[in-house]
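Some notes on the structure that comes next.
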Amino acid sequence: MLPASLLLGSLLQALLQTPAQGRSETAREEFRRIGEELYANENPFVGTGPKRLLEKGLATPGLPLEKRVEFEVQMAKEELKFIELESAIGRLERVLGELGPSGPKPLRLRVHRQLALAYLRLSEQENCVARHNAECCLFPLEGGGRHSERRPAEKAREHYLAVLELEPGERDALWLMNLASMALGQYPDGVPERWRLPESAFASQAEFPRFPEVAQELGAKVFAMAGGVAVEDYDGDGRLDILTSTCDPLGALTHLCQKEDGTFEDVSVASGVDEQLGGLNLISGDPDNDGDWDALVLRGAWLLDYGRIRRSLLRNEGGKFTDVTREVGLAEPAFPTQTALFADFDADGWVELYVGHESRTEIEKGAPSYPSQLYRNRAGRFENVTKAAGVANDRYAKGVAAGDADNDGDLDLYVSNIGLNRLYRNRGDGTFEDIAREAKVTGKSERHFACWFFDLDQDGWLDVWVSGFQARLDDMASHALGERFEAALPMVFQNRRDGTFVDRATELGLARPWIPMGANFGDLDNDGWLDVYLATGEPALQVLVPNVMLWNRAGERFLDVTRASGTGHLQKGHGVAFADFDGDSDQDLFSQLGGFFPVDRFHSALFRNPGFGNHWVTLELVGERSSRCATGARLEFELETPSGPRVLHRAHGMVASYGGSPHRQEVGLGDATRITRLTVRWPRTEQPQVFEDLPLDAHLRLTEGEAVPFRVK
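Throughout the sequence shown, residue numbering follows the numbering used here, covering 71 to 783 in sequence.
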C-alpha cells in the first residue's frame, strides 16, 4: 500500500492535470500551476511540506532531547535547501550551544556535520555565486577559485575538524575539510597530515592543454538548477545555438542564439521557449521531417508519484517554438522521466520516440507501474505501440540509447535502469526481444545512469557505455587515500561480434568511483578516438566532487586529464554537449550545471578547446528516402596517413542519453593526409553510397542519393 503522502500526491497530480473548466490554459499557466503545487506539497526536492511537518514536530511539548535535536537538524537541512542559510546556521549554533562540549557524542556529531555543510554552502553562495569568475569551483581550488569572503569557509573547516576529532575515520568530513582548506588557500600544508588528501590523488595521468572556461565572456552563462542541454542550429543561420532546461518547476527553458561574432544572445522570449517551465532533461530531433530541429522536454524525474507531469514536444518553425504535444498525441501517459530518444526503428523514413519512465515495481513493494513507451511516427503524429513492440521495460529507467548492435541494418535499443539493464534486439517486424542476459549486458543489480552506443575501438561494431551511479563521498575519499572503496563502476561493453559483449572497464582504467548523471562523448583532440566527460549529479548537498575528463588512448585506455584540462567543475553536472561552437574545427564542451535543490543553482560552463593541430571534417547528413536527420546512418572513412592506411567508423545520430551534442558529424582525422573514400550506409538505401577524395578540414553536406557533396565552408 502506498504511503499516505504519495496517495495524496497522486490525487493532487490528477487535479493538476485537469485544466480549469471554461477556459484554455496557456503552457505557461499550466506548468506554473503544477510548479506552485510542487513547491507546496511533500515531494522531497522542492516541496515545503516536509518543513511544515517539522515545525509541528518541534512545537510538540516535552520532546526528548534526542528527538528535538533530530528535528532541529532536519529543519536546518530543509532551510539549507531553500537558501535560508543564516536561519539554518543560527538554529544549529543554538543547538550546539545547548549540547555543550559534554553533550552526547552522536548528537554533537550530527550538529557539527550539518553546521559545517551550512557554512560551506554559505561560502559557496558568497563567493562562487555572488562573485562568480571563470575559475570558480574548478577542482582543486586554486587562483580565482579560492574564496575571498573567508569566514564561512573558515567556520566550515572548524566544524569538519571537530567532526574528525570526534570520529577520526569519517571520510566524508575528511574530504570536505580538505575542500574547505583549498577554498582558503591552506591546502596542502595547512591540513593536518593525518587527514590530508595526497596531492597525487588529483594529478592528471597525462599532459593535456587547459580548456579555458568562457561562458561568461561569451554570454552563455545560464543560472539554473539541474537540467538538460541540446545544441543545434535552431534558426538555420549556420551557427550552433544552445537550449537548456531546469528541474526548477517554476524555471523556464533558456534559448541562447549564437551571433556572428561568436557570442550568445538570450532569445527565450522571442522563440517562445520561456512558456515552458521545468524539465530535468530535453532532447532534439526532427519528428516532422521538415529539416529543422524540434525539442522534447522531459519532466518528473525522481519525484515518484508527484512526477506525473506531461512532456512537451516543441515544434521549430524558423527558430520559434510551438507546443504541439497534445496535437501529435504525446501528452499521455504523463509518467516521471528524464530520458528519451528519437530513432527510426522501423526504417520507414520517420523517427519514432522512445521514452524511459521511472517505474518502481521492482524496487518498491506495491508501487504503481510506469512502463516505458514506444511511439510509432505516423507522418508527424504518434501512435503508442509499446505493448505490441514488447519494450515496456517496467523498470526504473535512467538512460536509453539506440544503435545497431548486431550490424543487421536496423536499430536496437538499450535501456539503463536502477536494477538490471535491457538490450532489445530489433526483429525487423515492429517487435523487439530482450537479449541482455544472453548478450551479457545486464550489469549488476545496481544503480546505472547515462548510456550510449559508440565504436570504442573503431572496428565497425558498436560498443556500449553505461555509467554507474552508486557511489558515496566516502568512496571518493577512500580512493584518494588508496583505500578500498565500494561503488558501482562504469561499464564499457565491447562488442565481440558474435551477439555477446565483454565489460572492459577495468582494463580501460575506469575502475574508479564516480557519480555521474550527465555524461557524453566526443573527440576532444581530433585524433579519431572518442573521449568522455562525466558530470557529477548526485543530489545530496554534501557531495561536492569534480566532474571528470577522460582521454581515449587508441581504444586501449582512458586517461584522467581533469586537472590538466581545467574542466573538473565541483558543481553538480547534468546535460553535457561536445560541439564546435566557434567553428575552429575542434570540439568545445558545454556543461549545464546546478543541482536538484534551490540552493544548488549554478552558472553553466563553456570550456573552449585550445586546439591540437589535427585534421578534421564536419559532415551534415540529409536523408531523402531515410529520415531527414538520417539517424542510424553508418560512416566508414578510409584514410591515408604517414604511417599507412587507417579506417574510422561513426554511427550517425548515436547520442548520449544525458548529453546534447549536435546531430552532425564532427570527425577528427588525426594526421591523415587524405580521405581516400567515405562509405555511407543510409538506413533506407540498400546500396552504400561512396564518396572519394573528400577534402580535409572542410564542412560538407551529404545528401542521400546525390553524388557530389555540398561544401558548406
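In this text, a Cβ means the ideal position worked out from N, Cα and C, and glycines have one as well.
Helix, strand or coil at residue i [DSSP, three-state]
{"i": "residue 617", "result": "coil"}
{"i": "residue 659", "result": "strand"}
{"i": "residue 150", "result": "helix"}
{"i": "residue 141", "result": "helix"}
{"i": "residue 321", "result": "coil"}
{"i": "residue 635", "result": "helix"}
{"i": "residue 375", "result": "helix"}
{"i": "residue 540", "result": "strand"}
{"i": "residue 126", "result": "helix"}
{"i": "residue 387", "result": "strand"}
{"i": "residue 430", "result": "coil"}
{"i": "residue 667", "result": "coil"}
{"i": "residue 135", "result": "helix"}
{"i": "residue 723", "result": "coil"}
{"i": "residue 78", "result": "Low local confidence applies: a pLDDT of 41 at residue 78 is under 50, so the model's placement there is unreliable, and no value is given."}
{"i": "residue 117", "result": "coil"}
{"i": "residue 361", "result": "coil"}
{"i": "residue 213", "result": "helix"}
{"i": "residue 511", "result": "coil"}
For residue i, the first and last residue of its enclosing beta strand (DSSP E)
{"i": "residue 685", "result": "685-692"}
{"i": "residue 601", "result": "601-606"}
{"i": "residue 167", "result": "It is not in any beta strand (DSSP E) - residue 167 instead sits in the alpha helix (DSSP H) that spans 155-169."}
{"i": "residue 700", "result": "Careful: residue 700 lies outside any beta strand (DSSP E) and carries neither H nor E."}
{"i": "residue 652", "result": "Residue 652 -> no beta strand (DSSP E), and no H or E assigned at all."}
{"i": "residue 764", "result": "759-764"}
{"i": "residue 728", "result": "Per DSSP, residue 728 belongs to no beta strand (DSSP E) and is neither H nor E."}
{"i": "residue 676", "result": "675-677"}
Beta carbon of residue i nearer than 8 Å to that of residue j
{"i": "residue 253", "j": "residue 211", "result": "yes"}
{"i": "residue 361", "j": "residue 317", "result": "no"}
{"i": "residue 646", "j": "residue 605", "result": "yes"}
{"i": "residue 152", "j": "residue 124", "result": "no"}
{"i": "residue 627", "j": "residue 579", "result": "yes"}
{"i": "residue 637", "j": "residue 620", "result": "no"}
{"i": "residue 181", "j": "residue 199", "result": "no"}
{"i": "residue 461", "j": "residue 483", "result": "yes"}
{"i": "residue 299", "j": "residue 288", "result": "no"}
{"i": "residue 571", "j": "residue 510", "result": "yes"}
{"i": "residue 742", "j": "residue 764", "result": "no"}
{"i": "residue 506", "j": "residue 411", "result": "no"}
{"i": "residue 705", "j": "residue 716", "result": "no"}
{"i": "residue 526", "j": "residue 562", "result": "yes"}
{"i": "residue 522", "j": "residue 726", "result": "yes"}
{"i": "residue 588", "j": "residue 643", "result": "yes"}
{"i": "residue 419", "j": "residue 218", "result": "no"}
{"i": "residue 718", "j": "residue 528", "result": "yes"}
Bridge partner(s) assigned by DSSP for residue i
{"i": "residue 717", "result": "708"}
{"i": "residue 26", "result": "Given that the chain is displayed from residue 71 to residue 783, the structure contains no residue 26 and the question cannot be resolved."}
{"i": "residue 517", "result": "488"}
{"i": "residue 533", "result": "524"}
{"i": "residue 623", "result": "627"}
{"i": "residue 445", "result": "423, 454"}
{"i": "residue 504", "result": "494"}
{"i": "residue 780", "result": "771"}
{"i": "residue 483", "result": "472, 494"}
{"i": "residue 467", "result": "487"}
{"i": "residue 747", "result": "708, 762"}
{"i": "residue 283", "result": "677"}
{"i": "residue 672", "result": "294"}
{"i": "residue 831", "result": "Here the chain has residues from 71 to 783 only, and residue 831 is not among them."}
Residue i CB to nearest heavy atom of the ligand ATP below 7 Å
{"i": "residue 266", "result": "Among the components of this structure there are no ligands whatsoever, and the ligand ATP is therefore not found."}
Unbroken alpha helix (DSSP H) run spanning residue i, endpoints
{"i": "residue 799", "result": "Since the first and last residues shown for the chain are 71 and 783, residue 799 lies out of range."}
{"i": "residue 802", "result": "Outside the shown range of the chain, which is 71 to 783, sits residue 802, and nothing can be said about it."}
{"i": "residue 351", "result": "Looking at the DSSP string, residue 351 is not in any alpha helix (DSSP H); the run it does join, the beta strand (DSSP E), is 351-355."}
{"i": "residue 23", "result": "Past the edges of the chain, shown from 71 to 783, lies residue 23, and the structure says nothing about it."}
{"i": "residue 98", "result": "97-110"}
{"i": "residue 241", "result": "241-253"}
Fill in: 3 or more residues per run - each beta strand (DSSP E) lying fully within the region 542-599
561-565, 571-573, 586-592
Worksheet item: For the region 288-350, which segments carrying the alpha helix (DSSP H) assignment without a break, of at least 4 residues, lie completely within its bounds, in sequence order?
Response: 338-341
Item to complete: Tell me the start and end of each unbroken alpha helix (DSSP H) in the region 391-416 that is at least 4 residues and wholly inside, in chain order.
Response: 395-398
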